[in-house]
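In what follows, a single structure is set out as structure tokens and then discussed.
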Amino acid sequence: KAGVTQTPRYLIKTRGQQVTLSCSPISGHRSVSWYQQTPGQGLQFLFEYFSETQRNKGNFPGRFSGRQFSNSRSEMNVSTLELGDSALYLCASSLVQGVGNTIYFGEGSWLTVV
Amino acid sequence: GENVEQHPSTLSVQEGDSAVIKCTYSDSASNYFPWYKQELGKRPQLIIDIRSNVGEKKDQRIAVTLNKTAKHFSLHITETQPEDSAVYFCAASTPTGTASKLTFGTGTRLQVTL
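Protein chains in written order, with the working numbering: chain A, 30 to 143; chain B, 5 to 118.
Okay, here's the thing in structure tokens:
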């Protein structure tokens, strides 16, 4: 069974631009969540989607948004990029929504904002 | 919201020795505690998890203990090997959220020396 797939793996953007990252969950998984990982802040929760609906949202500005499609694939978008948005963006999927369900991470998308 | 503190931030042990990483959490309602291992440039991978109705769980050389009263949980690695070198993250989840919304500790960089 294929794991969580994220594209692109690496990208460089300029301040003020916007970026869209894509995530394909493990087959059969319906819950997708996104995390930002930086050396200074560690792993921080961005949002979670289940059945095409955002179920939870972390403490990030409105420039960060996401969506989920009917096939459970998800995208996240960051508009008006800032230098501080440089990070590893990790997508994770789980079978269903709910506490105690194991989440599996993708390899991540490395975003550098210059 | 939930807050998870993790100690130590770095840990160096000799091959064959044991390693212990400790985490404390703030929300007494938290009831699911996974541990992730992240090798350099790789995705975080679940190595063990424990639910609040269990005090201890073991899987070969890895064990996790949970003290609900004190609100802390620990990861124990025995007979460490060089391939155990990585960053380890603890996390906590509460029933008011979902398993996908995990609050992570800041990570422990474990180095196993020969």
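All C-beta atoms in this analysis are idealised placements derived from N, C-alpha and C, irrespective of residue type, glycine included.
Pick out whichever of the options has its Cα sitting closest to the Cα of residue i.
| i | options | result |
| --- | --- | --- |
| residue 91 of chain A | A/136, A/109, A/64, A/41 | A/109 |
| residue 74 of chain B | B/14, B/45, B/108, B/34 | B/34 |
| residue 53 of chain B | B/115, B/114, B/118, B/106 | B/106 |
| residue 85 of chain B | B/29, B/19, B/55 | B/19 |
| residue 42 of chain B | B/89, B/118, B/97 | B/89 |
| residue 78 of chain B | B/64, B/60, B/87, B/65 | B/60 |
| residue 91 of chain B | A/89, A/68, A/80 | A/68 |
Tell me whether residue i sits in a helix, a strand or coil according to DSSP, three-state version.
| i | result |
| --- | --- |
| residue 49 of chain A | strand |
| residue 109 of chain B | coil |
| residue 112 of chain A | helix |
| residue 120 of chain B | Chain B is shown from 5 up to 118; residue 120 of chain B falls before or after that span and cannot be answered. |
| residue 104 of chain A | strand |
| residue 6 of chain B | coil |
If residue i and residue j are in contact, beta carbons under 8 Å, what's the gap, nearest whole angstrom?
| i | j | result |
| --- | --- | --- |
| residue 47 of chain B | residue 119 of chain A | 7 Å |
| residue 35 of chain A | residue 111 of chain A | Residue 35 of chain A to residue 111 of chain A, Cβ: 21 Å. No contact. |
| residue 8 of chain B | residue 108 of chain B | 6 Å |
What are the residues that DSSP puts in a beta bridge with residue i?
| i | result |
| --- | --- |
| residue 52 of chain B | B/39 |
| residue 67 of chain B | B/62, B/80 |
| residue 85 of chain A | A/77 |
How would you list, in chain order, the residues of chain B whose beta-carbon sits under 8 Å from the beta-carbon of residue i?
| i | result |
| --- | --- |
| residue 136 of chain A | 46, 47 |
| residue 119 of chain A | 47, 48 |
Would you mind telling me which residues of chain A sit closer than 8 Å to residue i, beta carbon to beta carbon, in chain order?
| i | result |
| --- | --- |
| residue 63 of chain B | Here the premise fails: no neighbours, minimum Cβ distance about 14 Å. |
| residue 55 of chain B | 129 |
| residue 110 of chain B | 71 |
Residues of chain A with CB under 7 Å from residue i, in chain order?
| i | result |
| --- | --- |
| residue 93 of chain B | 72 |
Going along chain B in order, which residues have a C-beta closer than 7 Å to the C-beta of residue i?
| i | result |
| --- | --- |
| residue 40 of chain A | Ordered by position in chain B, no residue passes the 7 Å Cβ test against residue 40 of chain A, which lies about 16 Å from the chain. |
Anything in chain A within Cβ reach of residue i, meaning under 9 Å, just list it in chain order.
| i | result |
| --- | --- |
| residue 114 of chain B | By Cβ distance, chain A contributes nothing, its closest Cβ being about 16 Å from residue 114 of chain B, past 9 Å. |
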